[in-house]
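Protein chains in written order, with UniProt numbering: chain A, 1 to 740; chain B, 1 to 820.
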Amino acid sequence: GLRETRVRLGTLLSCTMLGVLKRPIVVTADVNLNVVALTGMGLLSRLWQLSYPRAVVFDEVYYGQYISFYMKRIFFLDDSGPPFGHMLLALGGYLGGFDGNFLWNRIGAEYTSNVPVWSLRLLPALAGALSIPMAYQIVTELHFSHSAAMGAALLMLMENALITQSRLMLLESLLIFFNLLAVLSYLKFFNSQKHSPFSLQWWFWLVLTGVACACSVGIKYMGVFTYLLVLGVAAVHAWHLIGDKTLSNVCVFFHLLARAVALLGIPVILYLLFFYVHLMLVYRSGPHDQIMSSAFQASLEGGLARITQGQPLEVAFGSQVTLRSVFGKPLPCWLHSHQSTYPMIYENGRGSSHQQQVTCYPFKDVNNWWIVKDPGRHQLVVNSPLRPVRHGDVVQLVHGMTARLLNTHDVAAPLSPHAQEVSCYIDYNISMPAQNLWRLDIVNRESDREVWKTILSEVRFVHVNTSAILKLSGAHLPDWGFWQLEVVGEKLSRSHHGSMMWNVEEHRYGKSQEQRERELELHSPTEVDISRNLSFMAKFSELQWRMLTLRSEDSEHRYSSTPLQWVALDTSIAYWLHPTTSAQIHLLGNIVIWASASLATAAYTLLFFWYLLRRRRSICDLPEDAWRQWALTGALCVGGWALNYLPFFLMEKTLFLYHYLPAFTFQILLLPVVLQHVSDHLCRSQVQRSLFSALVIAWYSTACHVSNMLRPLTYGDRSLSPSELQALRWKDSWDILIRK
Amino acid sequence: MLCASCGLLVARAATTLPAPPRGRGPAFRYQRRELHFPGHPEPPSNDSSAGRLTRQSVPLGRRVFLRRGRMPPAIGGGLAGSELRFRRGRCGSQAARVVGRDVAAEAAARNPKRPARASRLFKAVGRWAPLALVTLLSFATRFHRLDQPAHICWDETHFGKMGSYYINRTFFFDVHPPLGKMLIGLAGYLSGYDGTFLFQKPGDKYEHHSYMGMRGFCAFLGSWLVPFAYLTVLDLSKSFPAALLTAALLTFDTGCLTLSQYILLDPILMFFIMAAMLSMVKYNSCADRPFSASWWSWLSLTGISLAGALGVKFVGLFIIVQVGLNTISDLWHLFGDLSLSLVTVGKHLTARILCLIVLPLALYVAIFAVHITVLNKSGPGDGFFSSAFQARLSGNNLYNASIPEHLAYGSVITVKNFRMAIGYLHSHRHLYPEGVGARQQQVTTYLHKDNNNLWIIKKHNTNSDPLDPSFPVEFVRHGDIVRLEHKETSRNLHSHYHEAPLTQKHYQVTGYGINGTGDSNDFWRIEVINRKFGNRIKVLRSRIRLIHLVTGCVLGSSGKVLPKWGWEQLEVTCTPYLKDTLNSIWNVEDHINPKLPNISLDVLQPSFPEILLESHMVMIRGNNGLKPKDNEFTSKPWHWPINYQGLHFSGANDTDFRVYLLGNPVIWWLNLVSIALYLLSGSIAAIAIQRGAQLPAEVEGLTKILLRGGGQVLLGWVLHYFPFFLMGRILYFHHYFPAMLFSSMLTGILWDTLLRLCAWALASSCLARGIHALGILSLLLGAAYSFYLFHPLAYGMVGPLAQDPESPMAGLRWLESWDF
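Below, the structure is given as structure tokens:
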């Protein structure tokens with residue numbers, strides 16, 4: 001019952017004073033009132049009472065802390081996704097004048113007056129609202145009727161889960177927006193390909209496709225799935241283009257080149273740009289510094305940079321250094337020793353050397369200082385002229401506080417018995433000579449006489465007597481080792497693993513031979529400012545690598561779910577509960593839409609294979625054009641759903657219902673398309689068609705009704721009585737909160 | 001007729017490895033094209049000489065045109081003709097036969113008046129001799145020094161042990177299906193090994209135990225890989241040099257050699273994978289004669305090999321996918337062929353269902369039937385399986401069990417979860433760590449039999465000793481409120497409103513109380529499923545649920561593995577959702593009550609499908625459990641193709657006899673380059689065809705081979721390599737070897753085709769004379785020489801390590817990560 005309305009506005013402006021003008025100046029504008037109305041309704045549904053509740057709702061507690069970091073320009077690392085999404089949320093905070101002062105520690109905490117809740121939630125809400133007219137446009141661009149397009153848009157409009165998700169400070173609605181934008185602009189581009197290739201419009205949509213893809217990847221890694229979908233469809237179309245013999249080779253080449261630049265080049269550049277802006281914005285040191293390498297930390301303002309600024313660059317004999325493990329797993333730590341010795345006998349009955357413990361310690365400590373000593377001399381100070389330590393030199397490492405030498409020998413290490421124990425040598429006078437010579441091996445050297453550099457050089461210490469390599473084993477010592485990390489001499493593996501590499505973090509030239517004075521020594525004058533040496537690409541690759549490899553402890557969440565539960569909506573998430581009443585926000589989909597979307601997907605797949613098999617036997621049920629349109633729709637909608645959904649079965653991280661929403665959006669687009677197809681091609685007579693329309697209308701009313709029933713849980717604006725809530729709990733697995 | 005065919009030269013060169021081909025004057029150049037491709041129809045000699053004479057006088061640029069003009073258009077010349085004939089002609093070793101024809105032609109050229117019989121003989125020799133030679137060389141390299149070292153190497157400790165279990169008929173559990181180990185056991189049995197060696201740890205000397213039978217069997221299967229690859233490539237590329245190159249790459253690869261020489265599953269697995277590939281390719285080339293005897297036999301051989309591959313390791317699934325894809329595309333073409341009636345298509349479909357689904361499935365099931373029949377004694381694997389399953393095993397305490405039949409108060413019992421591979425309800429003297437619910441004693445499920453699995457069933461309200469002889473025996477009935485006391489620690493099974501450690505929607509289950517005195521949270525209602533009130537509870541047979549009285553939740557196991565603090569046992573929770581899943585159903589297994597008479601129970605024997613299903617559940621669970629531990633260096637899939645790091649098979653120090661599993665770097669890196677080159681040349685060719693470029697017939701034939709034949713093996717490589725990136729379980733370098741076989745086949749096809757294309761393109765210059773022969777020959781020699789350099793890796797090294805200049809491997813540690 002939806003009718004397209006088009007109004008053509010013609011405005012005629014003619015200059016009567018100059019009669020010489022034969023042609024009037026004409027401005028013609030097509031305004032599709034459907035789109036206007038949908039946008040209006042979308043805005044209304046998403047923006048209504050946007051700043052309610054004035055409290056932290058679910059994952060806002062997670063994203064909010066990053067917004068605060070942006071506001072305060074403090075560096076952070078979030079492994080959940082690239083920074084573009086976080087930056088967009090922070091943009092809202094910036095526009096609302098947020099100062100970042102809020103402690104994001106608990107769901108349900110009241111926002112203080114300095115938090116601009118409305119503007120923080122504005123961008124996701126706008127994205128959610130604009131997705132609705134976009135759904136309309138996509139179905140139109142697929143050449144389906146306007147009523148089908150309206151159907152898709154209205155389903156999006158009233159889908160409760162989409163409303164809930166877009167009214168909060170969360171990323172899914174932004175992701176869905178850019179996903180749809182990518183698909184829409186690709187379709188626009190593809191449709192303009194036939195009549196006007198290389199026109200301005202053609203370029204615009206092509207470039208916009210690339211930009212939208214980059215944005216969705218930039219918001220969450222999940223965006224990659226949609227990017228792959230667009231790339232896949234574009235690749236198939238490009239392949240057809242190659243087969244088009246009416247085009248010249250040069251023309252085909254330029255077509256391919258344009259696609260490659262727009263769909264591969266632009267996303268890569270934009271992705272880098274996101275990181276560039278991110279690193280420009282967060283330049284101060286903060287709580288996540290420890291995860292990064294020394295060089296990275298030194299490039300941040302404050303923190304390590306304050307300590308290392310003005311440090312001498314070249315390590316010389318007599319330098320005082322702290323040595324940080326490059327690997328940094330399970331914890332970033334520094335080579336450490338202290339007065340305690342290894343226990344004579346371990347718990348399992350093995351013996352040790354009973355010499356002084358050497359460990360790796362995750363905190364800054366005066367016991368982390370070591371002095372680089374020339375084995376041939378007794379002095380612990382730098383000479384003038386300086387004698388820099390080079391690759392291949394043999395050194396001894398003297399522990400600053402105890403003045404004992406770093407040693408390893410053929411005694412099994414406490415927790416890794418296949419490796420050698422590392423100790424600070426105590427001479428017990430029992431046929432166990434000191435073996436304290438280490439050869440320096442600079443791994444990232446450019447020449448074989450390279451000088452050992454502070455922060456920049458990654459070095460290995462190869463034991464001269466046994467050719468064991470100083471290594472962080474990663475195991476935690478028991479109580480006698482104060483739970484510090486075990487350091488061993490690795491004999492067997494000779495690979496270049498990060499756990500065997502160390503870098504100098506803090507460094508000063510030793511000036512005094514006296515033990516007491518040593519700690520009081522001041523920094524030497526600046527020679528090189530190291531912080532400027534790290535290029536953007538180096539920072540980017542380190543940050544990206546850490547984001548991809550960082551494994552946070554994931555324990556199961558109360559509201560986590562498995563992908564199989566999503567399709568049948570067997571799960572829900574309680575987002576927020578009013579502190580006194582039982583008004584609550586609950587992520588819960590419209591079960592009617594949910595079920596019919598899954599049915600539509602199944603119906604599409606069956607029909608598609610049925611047609612395909614019959615076409616193979618040269619029985620064409622659909623005209624050629626209709627078939628192509630049907631196949632392209634399937635590739636985009638079913639393909640989009642499958643690509644955004646199936647990979648979750650392989651993921652091991654904690655999953656939530658909202659992970660399904662991007663896939664679900666594609667399913668919603670498919671639903672009216674399948675209905676129209678049934679009505680157009682499968683209903684044989686007018687009677688059947690009318691009957692089918694009546695059924696569709698009845699179904700649609702049910703969906704509206706369900707949507708309306710769930711509305712209190714979507715907006716959280718009305719408190720329901722326990723019996724009403726109990727009545728809404730249609731499935732046992734829905735965790736609707738009922739106050740007793 | 002002069003015998004100067006390029007392909008022919010290579011054929012001879014490869015079999016005898018002589019000096020580079022000699023130039024034979026101008027005739028060589030012209031003749032080259034004609035005999036260049038095997039399968040080229042032999043033109044009548046007068047025509048040929050006429051052509052030669054003609055062409056000698058025309059400008060070089062027109063030669064191609066002329067030659068094409070000379071040939072009948074239907075054949076089109078060169079490879080296209082041969083291609084056509086292959087599809088129409090007989091299947092099997094057609095290509096070899098064609099090569100034979102070349103040799104015969106040579107013979108005929110030498111001795112024009114030789115009778116036809118001799119020429120047929122030559123044909124046969126030419127067809128079989130290279131194959132025989134390749135096979136012989138493969139066997140020779142694999143069996144050379146097979147007895148060295150005479151101690152257990154690497155995983156021999158597992159698979160040898162499992163072979164012994166078959167000989168001793170002891171039940172065990174392993175994550176792989178049984179065929180490989182069964183065959184090892186059989187080989188051992190036939191060769192006189194008595195199953196007494198313990199196979200305790202790598203390095204143990206075999207001494208008087210006969211181990212050569214098992215090693216010999218593995219080496220025997222491993223040796224067949226080379227001829228299989230040879231025949232596969234020959235069939236795909238119709239080119240003898242390509243097949244020979246592939247065979248050489250595999251023969252001279254130290255990795256394949258090492259992996260074939262020990263008691264491992266890999267040679268058996270690879271044998272079946274390659275057999276499946278070969279039969280699939282052979283069957284494809286029979287496509288023009290459907291339902292013929294050879295068609296049926298290759299099809300069913302494919303099915304048999306698939307069953308074998310899957311029966312050895314689940315990795316066999318990849319080759320099944322490959323055959324499946326091939327079959328789908330095959331059927332798709334048949335279905336689209338409108339000249340075939342639907343009935344014929346139906347017949348095709350049925351044949352494939354029979355041979356590729358029903359037959360392998362039947363064989364696979366048969367393997368398990370044998371496995372279960374042979375292993376009928378109780379052994380180390382019992383606890384992994386359900387009570388009913390264990391009752392089959394002689395020696396198990398459930399075998400012909402004689403226990404009290406009905407559960408009574410005071411009985412000491414073990415409680416087993418009904419879902420497969422969950423185990424017994426268990427507790428031990430360790431607390432849940434800080435922050436994980438209440439700090440009380442852990443309750444888990446555990447797969448092994450252990451005293452900590454014992455619980456005493458007591459009345460909820462009295463703590464008197466029910467075993468006191470003055471009390472009458474009181475049976476536990478459906479609906480009773482009971483308390484379960486852990487026998488070793490005297491704590492009660494307890495639950496409360498705290499989140500369970502992993503499944504946070506459920507409640508935590510703990511051990512609580514001192515000496516059996518706890519609180520009301522220790523009370524459980526015991527319910528028998530599908531029974532009425534008042535009935536007693538039967539040991540083994542009754543399926544029971546334990547419902548927590550206070551919270552109303554049901555005792556269950558989530559099946560999730562607890563972290564290190566829980567000793568990697570499985571989580572036990574109390575679920576508030578009263579769903580009847582198997583996770584929350586238990587049965588009583590052991591039952592000790594001195595007051596009750598022991599009754600011989602005929603335990604309900606599980607049916608064979610149940611046993612099959614259970615074994616698979618247990619295997620899948622076991623595979624998922626093989627997770628890399630923290631801080632353990634694990635091999636990553638991207639390490640493999642670049643040959644980044646090997647595996648120590650035996651020894652690591654300079655005093656040991658060392659065997660190091662590492663691919664021959666020359667061959668592996670050549671394979672790596674070839675994949676890149678293939679992708680490049682393949683896409684160029686595909687784009688050219690899609691653009692409708694008019695290719696000369698010869699080039700078109702070559703691109704077809706490149707795209708079709710190369711594509712098939714590339715698919716094999718992709719399928720056998722990339723799934724590993726998605727696997728969460730612990731991975732080892734040797735997982736790459738099936739993929740490596742495909743990669744080597746691709747190298748063979750690629751270089752042969754590229755060199756032929758080169759030779760074709762350079763036809764005008766004198767370089768063209770032997771470029772193909774030279775190229776292939778240098779690749780062969782390179783592979784052989786690198787094998788000469790690296791062979792100690794496989795055959796064993798003693799003495800100093802490679803960094804020592806004294807070592808035989810000095811200077812060969814090209815990557816620092818290699819460790820020999």
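Note that beta-carbon positions come from the ideal geometry of N, C-alpha and C, so glycine has one too. These figures come from a predicted structure and were not determined experimentally.
{"Asked": "CA-to-CA distance, Leu206 (chain A) to Pro641 (chain B), given in whole angstroms", "Found": "38 Å"}
{"Asked": "Where Gln690 (chain B) meets chain A, residues with beta-carbon distance less than 8 Å", "Found": "Trp239, Ile242 and Gly243"}
{"Asked": "Endpoints, the alpha helix (DSSP H) within which Val343 (chain B) is located", "Found": "Leu342 to Arg352"}
{"Asked": "Proximity test, Cβ basis, 9 Å: Asp47 (chain B) and chain A", "Found": "Only weak support is given to the placement of Asp47 (chain B): the predicted model assigns it a pLDDT of 39, under 50, and the value that follows is read from those uncertain coordinates. So no, Asp47 (chain B) is outside the interface."}
{"Asked": "At least 3 beta-carbon pairs within less than 8 Å: the segment 725–734 of chain A vs the segment 605–615 of chain A", "Found": "no"}
{"Asked": "Alpha-carbon spacing of Ser196 (chain A) relative to Ala635 (chain A), whole angstroms", "Found": "24 Å"}
{"Asked": "Of the residues B:Asn397, B:Tyr512 and B:Lys416, the one placed nearest Ala438 (chain B), counting alpha carbons only", "Found": "B:Tyr512"}
{"Asked": "Close Cβ partners of Ser45 (chain A) (< 7 Å) along its chain, the five nearest in sequence each way excluded", "Found": "Leu157 and Ile163"}
{"Asked": "Trp524 (chain B), enclosing beta strand (DSSP E) - first and last residue", "Found": "Trp524 to Val528"}
{"Asked": "Short Cβ contact (9 Å threshold) for Asp483 (chain B) with Ile514 (chain B)", "Found": "Looking at the sequence shown, residue 483 (chain B) is not Asp but Arg. In this structure, Ile514 (chain B) does not lie closer than 9 Å to Arg483 (chain B) by Cβ."}
{"Asked": "Residue-chain proximity (Asn249 (chain A), chain B), Cβ-Cβ < 9 Å", "Found": "yes"}
{"Asked": "Cβ-Cβ separation, Gly423 (chain B) to Ile456 (chain B) (assumed contact under 8 Å), whole Å", "Found": "Not a contact, Cβ separation roughly 19 Å."}
{"Asked": "Those residues which DSSP pairs with Cys360 (chain A) across a bridge", "Found": "A:Leu335 and A:Leu485"}
{"Asked": "Minimum Cβ-Cβ distance from Val233 (chain A) to chain B less than 9 Å", "Found": "no"}
{"Asked": "Range covered by the alpha helix (DSSP H) that runs through Gln390 (chain B)", "Found": "Ser387 to Gln390"}
{"Asked": "Below-9 Å beta-carbon distance, Trp565 (chain B) vs any chain A residue", "Found": "no"}
{"Asked": "Helix, strand or coil at Ala316 (chain A) according to DSSP, with G and I counted as helix", "Found": "strand"}
{"Asked": "contact_flag[the segment 691–699 of chain B, the segment 716–727 of chain B] where n(CB pairs < 8 Å) is 3 or more", "Found": "no"}
{"Asked": "Cβ-Cβ distance between Ser239 (chain B) and Asp752 (chain B) below 9 Å", "Found": "yes"}
{"Asked": "Residue nearest to Ile273 (chain B) in terms of C-alpha spacing, selected from B:Leu221, B:Ile263, B:Gly383 and B:Leu146", "Found": "B:Leu221"}
{"Asked": "Assigned exposure category for Trp566 (chain A) - 16 Cβ within 10 Å defines buried", "Found": "buried"}
{"Asked": "Residues bridged to Gln396 (chain A) (per DSSP)", "Found": "A:Lys373"}
{"Asked": "Cβ neighbour criterion (16 or more within 10 Å) applied to Ile469 (chain A)", "Found": "buried"}
{"Asked": "Complete runs of the alpha helix (DSSP H) confined to the UniProt domain \"MIR\" (386–443) of chain A [at least 4 residues]", "Found": "none"}
{"Asked": "CB contact below 9 Å: Ile422 (chain B) versus chain A", "Found": "no"}
{"Asked": "Minimum Cβ-Cβ distance from Leu650 (chain A) to chain B less than 9 Å", "Found": "yes"}
{"Asked": "Chain E within 9 Å of Ile152 (chain B), Cβ atoms only", "Found": "Chain labels in this structure do not include chain E; the protein chains are A and B."}
{"Asked": "Start and end residues, beta strand (DSSP E) containing Arg429 (chain B)", "Found": "Tyr424 to Leu431"}
{"Asked": "His428 (chain B) beta carbon near the ligand SAH (any heavy atom closer than 8 Å)", "Found": "For the ligand SAH, the structure offers nothing, since it holds no ligand at all."}
{"Asked": "Any 3 or more C-beta pairs closer than 8 Å across the segment 390–399 of chain B and the segment 615–627 of chain B", "Found": "no"}
{"Asked": "7 Å Cβ cut-off: residues of chain A touching Phe820 (chain B)", "Found": "Near Phe820 (chain B) there are no residues of chain A at all, since even the closest Cβ is about 10 Å away, more than 7 Å."}
{"Asked": "Continuous alpha helix (DSSP H) assignments of at least 4 residues falling wholly in the segment 114–149 of chain B", "Found": "116–143"}
{"Asked": "Residues sharing a beta bridge with Ala574 (chain A), DSSP", "Found": "A:His586"}
{"Asked": "Span of the beta strand (DSSP E) around Lys471 (chain A)", "Found": "Ile469 to His476"}
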